[in-house]
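Have a look at the structure below before the remarks.
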Amino acid sequence: MTILGIETSCDETSAGVVRDQNGNLKLLSNVVSSSSPLHAKTGGIIPEVAAREQIRLIIPVIKKALEESSLDFQNPSIDVIAVTVGPGLIGSLLVGVETAKTLSLLWKKPLIPVNHLLGHIYANFIDQEASIEFPAIGLIVSGGHTDLILIKGHGNIKWIGGTRDDAAGEAFDKIGRMLGLPYPSGPVIEKLAKEGNPKRFNLPKPMIDSSDFDFSFSGLKTAVLREIKTIKKLNNQIINDICASMQASIVDVLTSKTINAAQKYSAKSILLGGGVTANQTLSDKLKLYAIRHKLNAEIFVPQKSLCTDNGAMIAAYGYFNPKMVSFDKVNADPSLYF
Ligand code: KG4
Ligand code: ZN
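Just so it is clear: in the sequence shown, position 234 is 236 by our numbering, and no numbers are missing.
Structure (structure tokens):
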């Protein structure tokens with residue numbers, strides 16, 4: 003089975019192709035074009051700007067993904083098109099969904115509507131040699147979401163907790179903005195944190211001891227703002243120390259809740275997904291805590307290029323959840339959840 007995946011939920015325009023080979027899901031191509039340099043100038047995404055860029059890029063990106071997979075754009079030998087239908091920005095989602103519907107009609111291929119958040123989790127199945135066993139705990143940490151889910155099997159998913167306010171990625175981006183760092187700030191903060199002291203600022207670790215699986219990161223943002231206001235002049239070392247301290251707080255909360263969830267549900271696997279999982283400190287700490295807590299679960303982190311938004315992960319979800327529908331049954335749903 004060969005699947006084309008299309009992803010346009012936020013500021014990326016992406017298409018990827020996956021194919022099953024000898025029981026493994028192989029990545030044939032994954033083309034991602036981001037409009038984030040445009041948003042860096044404004045310190046955040048302007049939805050209208052993102053959608054306009056996506057209209058310009060969507061066909062060239064799909065053409066390139068097919069070309070790199072040795073498939074013909076006029077009549078590609080694919081079985082199905084998987085497309086993100088939500089959650090996300092309505093204008094951006096519409097670009098991907100309407101393009102997928104048009105291609106479905108043109109190529110006479112069915113569609114699989116995909117929840118973007120689950121796509122992030124399925125990035126773990128691409129080029130994966132090890133077998134991922136269930137039940138699994140999924141931690142989704144992106145710019146807009148922080149969620150813990152229990153996966154009993156493909157198509158058998160239960161939400162067990164999530165953020166009550168800001169998402170983890172949002173906290174990285176908002177604190178980065180306060181420090182004058184470019185958008186998206188997550189990767190920049192990770193880099194600066196390497197030169198910083200994570201113990202210099204005593205920042206809160208919100209809800210770390212609560213017995214539920216919920217999160218809250220807006221208090222952390224306020225605490226950082228308070229610290230910044232007491233400092234006369236921010237120099238590089240102070241910025242590095244703030245980055246290290248805030249990253250440590252977020253990583254500790256995410257790690258602790260994920261380990262608790264894995265223990266409670268006797269998980270055999272932990273699957274990370276979303277842009278924040280590109281953060282090496284997060285995956286390192288999770289692996290360390292898992293050993294310390296003698297956890298019987300294997301931890302999976304997608305390849306770095308598959309952590310942030312991409313079309314291949316959407317195709318991977320479609321492969322394991324092949325609920326195919328005709329083009330007239332597919333609609334963008336910006337507030338889609340679990
Ligand atoms: O999943 P994603 O690409 O888009 C959404 O679905 O939101 O995630 C983007 C988020 C941004 O907030 C970005 O700052 C964060 O992921 N991010 C990181 C890192 N790389 C991206 N956060 C921390 N460390 C990173 N290395
Ligand atoms: Zn995402």
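Ideal Cβ placement from N, Cα and C applies to all residues, glycine included.
Name, in chain order, the residues that DSSP records as bridge partners for residue i.
{"i": "PHE302", "result": "LEU273"}
{"i": "GLN23", "result": "ASN26"}
{"i": "ASN32", "result": "GLY18"}
{"i": "PHE217", "result": "THR165"}
{"i": "VAL327", "result": "LEU113"}
Return yes when the C-beta of residue i is under 7 Å from any heavy atom of ligand 1, and no when it is not.
{"i": "GLU55", "result": "no"}
{"i": "GLY385", "result": "Within the shown structure, residues of the chain are numbered from 3 to 340, placing residue 385 beyond reach of any answer."}
{"i": "CYS12", "result": "yes"}
{"i": "ASP175", "result": "yes"}
{"i": "ASN26", "result": "no"}
{"i": "HIS122", "result": "yes"}
{"i": "ASN281", "result": "yes"}
{"i": "GLY88", "result": "no"}
{"i": "SER213", "result": "no"}
{"i": "SER37", "result": "no"}
{"i": "PRO186", "result": "yes"}
{"i": "PRO336", "result": "no"}
{"i": "GLU192", "result": "yes"}
{"i": "PRO189", "result": "yes"}
{"i": "SER9", "result": "One point to set straight first is that residue 9 is Glu, not Ser, in the sequence displayed. GLU9 Cβ: outside cutoff for every heavy atom of ligand 1."}
{"i": "GLU172", "result": "yes"}
{"i": "GLY45", "result": "no"}
{"i": "ALA146", "result": "Going by the sequence as given, residue 146 is Gly instead of Ala. GLY146 Cβ: within cutoff of ligand 1."}
Of all the CB atoms in chain D, is at least one closer than 8 Å to the CB of residue i?
{"i": "LEU40", "result": "Absent from the structure is chain D; it holds one protein chain and no more."}
State the start and end residues of the unbroken beta strand (DSSP E) segment that holds residue i.
{"i": "GLY188", "result": "Looking at the DSSP string, GLY188 is not in any beta strand (DSSP E); the run it does join, the alpha helix (DSSP H), is 188-195."}
{"i": "VAL85", "result": "82-88"}
Considering just the uninterrupted stretch of the alpha helix (DSSP H) at residue i, what are its terminal residues?
{"i": "LEU6", "result": "Careful: LEU6 lies outside any alpha helix (DSSP H), inside the beta strand (DSSP E) at 4-9."}
{"i": "PHE322", "result": "313-322"}
{"i": "HIS295", "result": "Run containing HIS295: none; DSSP gives neither H nor E here."}
{"i": "GLN76", "result": "Segment: none, GLN76 is in no alpha helix (DSSP H) and carries neither H nor E."}
{"i": "PRO39", "result": "38-44"}
Within the structure, which residues are defined as neighbours of ligand 2 by a Cβ-heavy atom distance below 5 Å, reported in chain order? Output, sorted by chain position: SER144 and ASP311.
Which complete beta strand (DSSP E) runs does the stretch 114-180 hold, if anything under 3 residues is left out? Within the stretch 114-180, the complete beta strand (DSSP E) segments at least 3 residues long are 138-143, 148-155 and 158-164, listed from N- to C-terminus.
Just to confirm the assignment: which complete alpha helix (DSSP H) runs, minimum length 4, are found wholly within the stretch 229-271? 238-266, all fully within the stretch 229-271.
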